[in-house]
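Residue numbers for the sequence shown follow the numbering used here, so the first one is 9 and each next one is one higher. A short worksheet on the structure shown next.
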Amino acid sequence: MADEQQFIENGLQRTQINEFFADELGRAGYGGMELAKTPMGTQIVLRAEKPGMVIGKGGKNIRKITQTLEEEFGLDDPQVDVQEVEEPDLNAQIVAD
């Protein structure tokens with residue numbers, strides 16, 4: 009029973025984080041994320057049409073995002089990696105926005 013509850017909570021948290029990124033990074037062409045919890049922390053790979061807008065000038069925006077992930081979502085030591093979407097026309101989330 010506890011495993012089922014944990015599974016549901018993890019899915020809900022992933023959905024909330026995905027919605028946060030969609031709201032925060034919509035102008036950068038947000039195309040999805042991958043989230044993996046490791047013993048060293050949480051690894052997040054963001055896909056965006058314009059990775060420079062996600063990172064921000066001097067890394068300001070990515071630091072703000074990392075801080076928000078720690079404070080609001082309770083992720084321990086989030087490591088955020090940003091990858092460019094090579095073919096934005098083939099990414100459903102980018103096309104939908």
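We put the CB at the ideal spot given by N, CA and C, even for glycine.
With the rule of 3 Cβ pairs closer than 8 Å, the segment 44-58 does not count as touching the segment 9-16. Ranked by how close their Cα comes to the Cα of Val62, the residues Pro96, Tyr38 and Ala104 have Tyr38 in first place.
For the 8 Å CB-CB criterion, Val90 and Ala56 form a contact. Here Ala44 is exposed. Its C-beta has fewer than 16 other C-beta atoms within 10 Å.
Per DSSP, reduced to three states, the secondary structure at Asp31 is helical.
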